[in-house]
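Protein chains in written order, with the UniProt record's numbering: chain A, 1 to 428; chain B, 1 to 428.
Note that the Cβ used here is the ideal one computed from N, Cα and C, for glycine as well.
Since we're looking at a predicted model, the values are computed, not measured.
Here is the structure we will look at, set down as structure tokens.
2 protein chains.
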Amino acid sequence: MEKIEIAILGLGNVGQGVVKILQENTEKWRNKCGANIIIKKVLVRDPAKKRDVSLPPDVVTGRWQEIISDPEIKIIVEVMGGIEPARTYVMEALAKGKNVVTANKDLLAEHGRELFEKSQAAGCDLYFEASVAGGIPIINPLKQSLIANNIEQVMGIVNGTTNYILTRMTQEGMGFADALKRAQELGYAEADPTADVEGYDAARKIAILASLAFHTRVTFQDVYVEGITKIRPKDLSYARELGYTVKLLGIAREESGQVEARVHPALIPSSHPLANVYDSFNAVFVRGDAVGETMFFGRGAGQMPTGSAVVGDIIEVVKNIEKGSTGRLSCTCYEHKAFKPMGEIMTKYYLRLHVIDRPGVLASIAGIFGNHGVSLASVIQKNCEDGIAELVVITHKVRENDIQDALKIIRELSITKEIANLIRVEEN
Amino acid sequence: MEKIEIAILGLGNVGQGVVKILQENTEKWRNKCGANIIIKKVLVRDPAKKRDVSLPPDVVTGRWQEIISDPEIKIIVEVMGGIEPARTYVMEALAKGKNVVTANKDLLAEHGRELFEKSQAAGCDLYFEASVAGGIPIINPLKQSLIANNIEQVMGIVNGTTNYILTRMTQEGMGFADALKRAQELGYAEADPTADVEGYDAARKIAILASLAFHTRVTFQDVYVEGITKIRPKDLSYARELGYTVKLLGIAREESGQVEARVHPALIPSSHPLANVYDSFNAVFVRGDAVGETMFFGRGAGQMPTGSAVVGDIIEVVKNIEKGSTGRLSCTCYEHKAFKPMGEIMTKYYLRLHVIDRPGVLASIAGIFGNHGVSLASVIQKNCEDGIAELVVITHKVRENDIQDALKIIRELSITKEIANLIRVEEN
């Protein structure tokens, strides 16, 4: 039986998951891929550090040179994260004809093009199922099972931390800060939660998904990003009153050859399949012209779910090595589509405004909206204290620039105390 | 650029969908798989019949011999359905070294073993994504992305017709017959709805999924089957009162090396992801030891969704032909696991009984349950007319044989008018 030697870069949370899965039942792997998978080297910063998994001492190394110069190592499993040195290692590995499996969304969302070009030139595999939505199969379904479709939309809850926070705020009425604290206590959020709560993590994932869905390179920089820090429990309860749930969504859409890619909180109808995705679960909703609506749901992070995706990719690459078919799934960004500027997107909006509570105020505001082509689908007005009314509005579909222009004028009115929030509304 | 010639067997609903997708944009296919896909022949019973798609007259043929004897045809796309002549054609094609893509669940669930043995011997591809849950990617995810897992459970709504019927009964209080009539009017149910409403269609699909999940051959005959014809609107409203929703589920589970596979209506908690899958949508819920819970949702039938899955498979096979890697996804049933007899399964039960309404009746019944190890989780008692009470019970987990034994005794009691329904309860 063939023996396939691999090296793992990084022995953090995900790296340890990969080792655990591969060590668990070696006979299983022989059945599943017809080969013995040997973990020949594991690259770590500090080989002396105590870890949860046991590996022979000659396997754990701090020296990349030992790995890159070993011609027997056929697969590099990059689970170190971050841009450097991961980028250099992956590029060097591909240049040497080694296949790569990576879980690194940052790297792919920023340097995808050069990585795929390198892998294609070398005829190597570059697999990355774990980079988006952890254990949920979504990369391979987009590259394979759904390939017959013109994908119209990918919309997903692709960050478990913010979904957990929004779930606590929705179900228990907690404020953002308390919910974040709870997420940190449970290990869902990091000490510095910026990448999660500001939407950067989700933006990297939606860049990867959009690139696959629309066959055009979308990078992190191309994605409009807005996080969840401005969401108040009040917004969530108004949303519920109006039949909606608030989620941090990654949205990628193609219309008339133009691609839009954005991450922001959004109201979605409570009956939408994504609305019932709670806690730290992730889900990706895909609409294609042939398949219609599909959704993929599961754990978007965590040692074992992410390890599941990484090892699934390793097995695929092993099969390709055995069949001499590495490189069979090449880069699919063979088009160059235009991006739609954020100001041009069309959607509905939820607005919460504080205005002076006197007759004619609603008429003035509605008039300004009307002049900018913004028509209102529903309005809730509640009296606050001190002669201030809270006005909650859901608009019909309108161009982003038009509503922003209207708001600029409304903000300057003497009757306006504050535009407390603007949240987009996604209905399909 | 390479040219790959294919033949399609059958030009019914799905066959026409496949032709539509392949004809829509030929340049797209060149980008997606680096080859020109040529529909060289389409086998039909009556070549003269008018159809929705336009094909050159020399392409449409009534003669299998023209196809099987043509060495240029590399892929046979079997979308005719039924066992014969599909089985003979597929076996002959594989024997000649042709790759096969099929949407035929009947064929796979009953003759899977011989088909896979033949394809393996010939080094050919045998792809079947469309055979279960239409357009939803579930076969390839189980064979690839999730392969690192020991799958513990596959549980799915895999028949859209019955899900539509149950949705109407649940949401509108319709009776079974009316809901079936509505489904027939909409084209969701056939004139003879037996295969759908009796659960046979779902059983074939769960046999295929169980075979993949547990790496052991499960055939249609191995699956316990019960349909939805005995479900009454009353059961659905009691279920809701108790926090459950009723779905026709296909369930496949492995525990201690024993496999169970069954199809029957079941109460599931209303918060379960499957509970919110309405109308004719399908969904498959998979639990693996590494990935945890995942779910795949979408359209389980229809011309274009099923066509999407078939064409996705065709593209995969084309790539394998180009790379010389056909046969890379071989049969995965490399184990021989025991089946758990239906009497040995452990689950909870919902029971609806009609009993004479007098003191002590509940005590007698509870006593008999107690003697058989059946303990009750909740009981609702409502008075009907003429001195009859309706008793609705949810049990704790108990062995199927034990509750059936208890019911045999209860059925014979003079106080028992009728055991109106027994529905299993699945909580995870």
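Distance between beta carbons of residue j and residue i, contact taken as under 8 Å
i	j	result
S237 (chain A)	Y164 (chain A)	Incorrect: roughly 19 Å between the Cβ atoms, too far for contact.
V393 (chain A)	L376 (chain A)	6 Å
P305 (chain A)	G298 (chain A)	7 Å
R262 (chain A)	M174 (chain A)	The Cβ separation is near 26 Å, so there is no contact.
E78 (chain B)	T61 (chain B)	About 15 Å; that fails the 8 Å criterion.
P193 (chain B)	I231 (chain B)	Contact doesn't hold; Cβ gap of about 14 Å is too wide.
residue 452 (chain A)	K40 (chain A)	Look at the range of chain A in this structure, 1 to 428, and you will see that residue 452 (chain A) is not part of it.
V158 (chain A)	G17 (chain A)	V158 (chain A) to G17 (chain A), Cβ: 19 Å. No contact.
E2 (chain B)	I73 (chain B)	Not a contact, Cβ separation roughly 14 Å.
Range covered by the beta strand (DSSP E) that runs through residue i
i	result
N421 (chain B)	T416 to V425
G17 (chain A)	Taken as a continuous stretch (DSSP letters only), G17 (chain A) belongs to no beta strand (DSSP E), being part of the alpha helix (DSSP H) at N13 to E24.
L180 (chain A)	Run containing L180 (chain A): none in the beta strand (DSSP E); it sits in the alpha helix (DSSP H), F176 to E185.
V392 (chain B)	I388 to T395
V218 (chain B)	V218 (chain B) -> no beta strand (DSSP E), and no H or E assigned at all.
M155 (chain A)	I151 to I157
Coil, strand or helix - residue i by DSSP
i	result
I67 (chain A)	helix
E316 (chain A)	helix
M80 (chain B)	coil
A195 (chain B)	helix
M295 (chain B)	strand
A301 (chain B)	coil
Q144 (chain A)	coil
H111 (chain A)	helix
P269 (chain B)	strand
V310 (chain A)	helix
M342 (chain A)	helix
G250 (chain A)	strand
R51 (chain A)	coil
I39 (chain B)	strand
I208 (chain B)	helix
E226 (chain B)	coil
I6 (chain B)	strand
F281 (chain B)	strand
E190 (chain B)	coil
E72 (chain A)	coil
N276 (chain B)	helix
A261 (chain A)	strand
N104 (chain A)	coil
Within chain B, the residues that residue i reaches when beta carbons sit closer than 8 Å
i	result
G292 (chain A)	G135, G298, R299, G302, M304 and P305
K408 (chain A)	Neighbours of K408 (chain A) on chain B: none; closest Cβ ~40 Å, over 8 Å.
Y334 (chain A)	N31
P141 (chain A)	P137, N140, P141 and S145
M1 (chain A)	Going along chain B, no residue has its Cβ under 8 Å from M1 (chain A), so there is no contact; the nearest lies around 14 Å.
Span of the alpha helix (DSSP H) around residue i
i	result
N371 (chain A)	V361 to N371
E92 (chain B)	A86 to A95
H354 (chain A)	Segment M346 to I356 is the beta strand (DSSP E) holding H354 (chain A); no alpha helix (DSSP H) there.
Q381 (chain A)	Premise fails: Q381 (chain A) lies in the beta strand (DSSP E), L376 to N383, not in any alpha helix (DSSP H).
R411 (chain A)	E400 to E412
L236 (chain B)	P233 to E241
Q171 (chain B)	G160 to E172
Proximal residues of chain A, C-beta to C-beta of residue i below 7 Å
i	result
R328 (chain B)	K319, K323 and S325
V311 (chain B)	A148
E316 (chain B)	Q144
S69 (chain B)	Neighbours of S69 (chain B) on chain A: none; closest Cβ ~28 Å, over 7 Å.
Chain B contact residues for residue i, given Cβ-Cβ distances below 7 Å
i	result
Q16 (chain A)	Under the 7 Å cutoff, chain B gives no residues; its nearest Cβ is about 12 Å from Q16 (chain A).
N163 (chain A)	Under the 7 Å cutoff, chain B gives no residues; its nearest Cβ is about 14 Å from N163 (chain A).
G257 (chain A)	Within 7 Å Cβ-Cβ: nothing; G257 (chain A) doesn't reach chain B, min ~14 Å.
I21 (chain A)	A148 and A290
Partner residues on chain B for residue i, Cβ-Cβ distance less than 9 Å
i	result
N36 (chain A)	Simply none; closest approach about 16 Å.
Where residue i meets chain A, residues with beta-carbon distance less than 8 Å
i	result
N13 (chain B)	In chain order: nothing, as chain A lies at least about 13 Å away.
N428 (chain B)	The contacting residues do not exist; N428 (chain B) stays about 15 Å from chain A at best.
E129 (chain B)	S145
9 Å Cβ cut-off: residues of chain A touching residue i
i	result
K417 (chain B)	Ordered by position in chain A, no residue passes the 9 Å Cβ test against K417 (chain B), which lies about 40 Å from the chain.
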